[in-house]
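Letter by letter, the sequence shown follows residues 1 to 325 in the UniProt record's numbering. By construction, the Cβ of each residue, glycine as well, lies at the ideal position given by its N, Cα and C atoms. Structure record follows, encoded as structure tokens.
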Amino acid sequence: MRSILVTGGAGYIGSHVCKALAQAGFQPVTYDSLIYGHEWAVNWGPLEVGELSDGDRLDQVMRKYGPEGIIHLAAFAYVGESVSNPLKYYKNNVGGTISLVESAHRNGVKKFVFSSTCATYGVPKNVPIVESEPPHPVNPYGASKLMVERVLADCAVAYGLEWCALRYFNAAGADPACRIGESHDPETHLIPLIIDVAKGVRPHITIFGNDYDTPDGTCIRDYIHVDDLADAHVRALERLGSSLPTIINLGTGRGYSVLEVIDSVQAVTNNPILVEVGARRAGDPARLVSDPSLALDALGWKAQYVEIGPIVDTAWRWHCRESPA
Ligand code: UDP
């Protein structure tokens, strides 16, 4: 069977990638430290617990499964924490990736799909954002992802690594069958926090600033369903090679404001959402919306979920599921 090593396969996006790989006929092998990942999220292939920094363990897993390629999602991803503890982020996200690429090189694995982020752009001058927008990350998290892209570009020249970095916009939603979904601790993302308010778990949602230069004053983001993201990874993996662009945005191309997302959760759940307006959060650009043209051209990929309502609906059903996870 064609195995693919999925680092971070026990995480939110990684577990959906494993599902998509299995549906496409691959065997996803999850390599995860389980620091943030969950054993219950690994359903479509074996789990190998290990750290990215542990080259011997990586070699052992590579020898055991002989993966055809790697989809690398394992990373620390709390923007605020990256500001207060940058070394933790550079060590894990950059150092950990170097250790992974070294092991890939030792074991002759040449295909590499990397989970990157629109945080590499920082505060873009032009929105919708095209891939040629100069990257100026405004926090260590975004900077660590951009550095990895550079490392991969250099390894392509030196070792013939075939790579692609997928720059995600705002991942949202869950498996419609409710087998896997978003479960972060601590949770910092907008949609799960609003859902907690709808469930009565949190008293209110704080809007981080309503004085932005946007139609309703709140920040606009491009929310992309996690199954759409996962599908793009499989497509990228299957198309790796000389003609595939190395940097591809993954978003719907449509933006929603914080207030529009709150309205959507209210409409989907039929529950009132108590809202407070707070201060702006440092480093939040007013608008982050992707231009998804390249993904369509290069991957034949288009988001299936474009409206926010159906995305929120899958998230809501996941958060209301009857399961101990
Ligand atoms: N946001 C908010 N209140 C919250 C969490 C997030 O107003 O409690 C806003 C945040 O300022 C941003 C949007 O919601 O404009 C999405 O934030 P999230 O943290 O989910 O993702 P990010 O865009 O930071 O990757």
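If I follow the unbroken alpha helix (DSSP H) through residue i, where does it start and stop?
i	result
THR269	258-269
residue 364	Because the chain spans 1 through 325 in this model, residue 364 falls outside it and cannot be assessed.
GLU81	79-84
LEU146	140-159
PRO192	190-199
HIS38	Neither: HIS38 is in no alpha helix (DSSP H) and is coded neither H nor E.
GLU307	Per DSSP, GLU307 belongs to no alpha helix (DSSP H) and is neither H nor E.
LEU100	96-106
In the DSSP assignment, what are the bridge partners of residue i?
i	result
SER290	ILE129
THR120	In DSSP, THR120 forms no bridge with anything.
THR206	GLU276
GLN27	SER3
TYR223	ASN170
PHE114	HIS72 and ALA165
ILE247	ALA165
VAL49	ASP32
To the nearest whole angstrom, what separates the beta carbons of residue i and residue j, a pair I think is in contact under 8 Å?
i	j	result
VAL275	HIS204	6 Å
VAL259	THR218	Per the sequence presented here, residue 259 reads as Leu, with Val not at that position. At roughly 5 Å, the Cβ-Cβ gap stays under 8 Å, so LEU259 and THR218 are in contact.
HIS105	TYR31	Their Cβ separation, rounded to whole angstroms, is 16 Å, which puts HIS105 and TYR31 out of contact at 8 Å.
VAL268	ASP313	5 Å
ASP59	ASN107	6 Å
GLU149	LEU240	About 15 Å; that fails the 8 Å criterion.
At what residues does the beta strand (DSSP E) containing residue i begin and finish?
i	result
SER3	3-7
ARG179	Run containing ARG179: none; DSSP gives neither H nor E here.
LEU58	Run containing LEU58: none in the beta strand (DSSP E); it sits in the alpha helix (DSSP H), 55-65.
Within the chosen definition, does the stretch 121-137 reach the stretch 76-88 through at least 3 CB pairs nearer than 8 Å? no
For the stretch 20-38 and the stretch 47-57, state whether three or more C-beta atom pairs, one from each stretch, are separated by less than 8 Å. Here the stretch 20-38 lies against the stretch 47-57, with 3 or more beta-carbon pairs under 8 Å apart.
At least three beta-carbon pairs within less than 8 Å, the stretch 85-102 to the stretch 240-256: At 8 Å Cβ cutoff, the stretches do not touch.
Is it true that the stretch 239-255 meets the stretch 290-301, where meeting means three or more beta-carbon pairs spaced less than 8 Å apart? yes
Examine the Cβ distances between the stretch 111-125 and the stretch 166-173 and report whether three or more of them are shorter than 8 Å. yes
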